[in-house]
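The block underneath contains the structure these notes are about, expressed in structure tokens.
Numbering (the numbering used here), first residue to last: 353 to 438.
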């Protein structure tokens, strides 16, 4: 019997920015500043940020559905990697 394969882990740095009255929190990951979310409190901003990141990953993965394709003179091959960062 094979042991269950560990899920890849990735630790990201969340940045939270609030206005002076803390009525709205803007959140993004330092490593992925293009993924931005907002919330009325820190908990909601974190939840929305994780959802935005999940959607971004799904979109990027769907862009790479083909295992191999050509672009001009280039052959582009897709390969999956499991990433675990300590």
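The C-beta atom is built at its ideal place from N, Cα and C for all residues, glycine as well. Keep in mind that this is a model prediction, so the values were computed, not measured.
Among the options, which residue has its Cα nearest to the Cα of residue i?
i           : options          : result
residue 402 : 378, 424 and 422 : 378
residue 386 : 425, 406 and 423 : 406
residue 408 : 422, 389 and 430 : 389
residue 304 : 370, 432 and 363 : Because the chain is modelled from 353 through 438, residue 304 falls outside the range shown and cannot be assessed.
What whole-angstrom Cβ distance do residue i and residue j have, given they're in contact under 8 Å?
i           : j           : result
residue 392 : residue 373 : No, residue 392 and residue 373 are not in contact; Cβ-Cβ is about 11 Å, not under 8 Å.
If you measure between the beta carbons of residue i and residue j, is that distance less than 8 Å?
i           : j           : result
residue 384 : residue 366 : no
residue 436 : residue 361 : yes
residue 404 : residue 368 : no
Does the Cβ of residue i have 16 or more other Cβ atoms within 10 Å, making it buried, or fewer, making it exposed?
i           : result
residue 358 : exposed
Task: Start-end ranges of the beta strand (DSSP E) lying completely within the region 355-430, minimum 3 residues - done: 366-370, 377-381, 384-391, 420-423 and 426-429, all fully within the region 355-430.
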